[in-house]
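Working notes, structure below.
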Amino acid sequence: HYPPLVATMFPRQLAFAAWLPALIPEIRLASATNGTNASAAASGECEGTCRGFDALQADLAQLRQESAEVELIDQCMTAQKHADVSFCLLQGYGVSAPACSRAAEDMEVLEANCLAVGRDVMEQLVTSSYHATKCTLCSPNLGTQQRRILKTGVANCETLCGQDMLCRGFDYDTMNGLCRLFGQCPFAARLDTFGCRWTVYDRPADQIPTTTPGPVQTTTKVIGNAGDNSTNMLMDQQIAVAGTRTAASCAL
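The working numbering puts the first residue of the sequence shown at 2, with every later residue one more than the last.
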């Protein structure tokens with residue numbers, strides 16, 4: 002019924018060949034004998050068991066309509082957007098509900114495939130505001146200037162990059178939760194031969210700061226009575242530099 006699972010598929014993660022027939026009624030209808038009514042009834046019943054099931058169907062169907070060769074990573078991320086539904090089909094009431102039985106079987110296979118690229122369909126999708134290039138990493142051997150490497154989540158990885166004035170982005174390994182900040186990742190250093198567990202996130206140009214000298218202010222403080230010759234006048238000249246201010250600039 003389903004092809005054997007492949008844990009590692011290079012250079013790119015292939016589309017899930019089975020294409021979730023129970024999760025996408027539009028495809029199953031092509032071979033259904035009872036037409037739309039039977040499929041719609043089953044879908045409605047499963048929606049009653051796993052709330053949000055219809056929305057998951059719609060999003061997966063949209064992927065299929067946009068491209069005949071949809072990558073596994075896109076299916077996994079779509080399932081993660083509906084993590085509550087995925088949980089319902091895998092460990093919730095949908096497991097034993099007759100109307101959800103085929104969908105639960107398909108989700109179980111999708112879950113195993115997604116885990117092979119570090120995506121848990123029962124975990125809510127966490128995204129970054131940075132520009133994402135999926136299935137790609139920045140090779141330190143080909144000119145990437147790495148600034149920091151640590152294990153953390155995508156959101157915190159972005160936060161750390163935003164706190165580093167010289168950070169231009171990061172690549173992230175979902176399998177190991179590995180965050181690698183970089184100051185530069187040229188095109189030649191970007192490889193798509195290590196599977197879809199890796200994603201490169203480029204910091205938007207309008208979020209890259211620069212520092213420019215602030216205005217110099219000179220103040221004079223007089224200690225004593227300026228009109229009294231017997232009083233020593235101590236002149237304290239303080240130069241206050243207004244630190245730095247942030248301005249937008251293009252990436253170097």
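Built from N, CA and C at the ideal position, the CB exists for glycine as well.
The structure presented is a predicted model; accordingly, all values stated were derived computationally and were not measured.
For residue i, three-class secondary structure by DSSP
i	result
Thr-219	Below a pLDDT of 50, predicted positions are generally treated as unreliable, and Thr-219, at 42, falls in that range; no measurement from the model is reported.
Arg-65	helix
Gly-170	strand
Arg-52	coil
Leu-126	coil
Phe-195	coil
Ala-190	helix
Leu-288	Lying before the first or after the last residue shown, residue 288 is absent from the chain, which here runs from 2 to 253.
Asp-60	helix
Val-201	strand
Ala-156	helix
Asp-72	The question names Asp, but residue 72 in the sequence shown is Glu. Reduced to three states, the DSSP call for Glu-72 is coil.
Thr-37	Confidence is the limiting factor: at Thr-37 the pLDDT is only 44, short of 50, which leaves the residue's position unreliable, though a coordinate-based value still follows. Here Thr-37 sits in helix by DSSP.
Ala-227	Its pLDDT being 43, under 50, Ala-227 is placed unreliably in this model, and the coordinates cannot settle the point.
Arg-29	Unreliable placement is indicated for Arg-29, whose pLDDT of 41 sits below 50; the coordinate value is still reported in the next sentence. Reduced to three states, the DSSP call for Arg-29 is helix.
Asn-177	coil
Beta-bridge partners of residue i, as assigned by DSSP
i	result
Gln-81	For Gln-81, which the question treats as bridged, DSSP gives no partner whatsoever.
Leu-182	Arg-149 and Phe-171
Beta-carbon gap between residue i and residue j smaller than 8 Å
i	j	result
Cys-115	Cys-77	yes
Asp-107	Leu-24	yes
Val-122	Ala-80	yes
Glu-124	Ala-156	no
Val-118	Thr-175	yes
Gly-144	Cys-168	no
Arg-191	Gly-170	no
Ala-105	Leu-90	yes
Gly-93	Cys-47	no
Gly-163	Val-127	no
Cys-186	Lys-152	no
Arg-148	Asp-172	no
Val-86	Leu-57	yes
Query - Complete alpha helix (DSSP H) runs within the region 83-152 (minimum length 4 residues, chain order) - result: Unbroken alpha helix (DSSP H) stretches of 4 residues or longer found wholly inside the region 83-152: 84-92 and 102-116, given in chain order.
Query raised in the report: Counting pairs of beta carbons, one from the region 133-142 and one from the region 188-203, are three or more of them closer than 8 Å?
Result: By the C-beta criterion, the region 133-142 is judged to be in contact with the region 188-203, since at least 3 inter-stretch pairs fall below 8 Å.
Report task. Kindly confirm or deny that the region 88-103 and the region 58-65 touch, where touching means at least three C-beta pairs closer than 8 Å. Result -> These segments do not touch.
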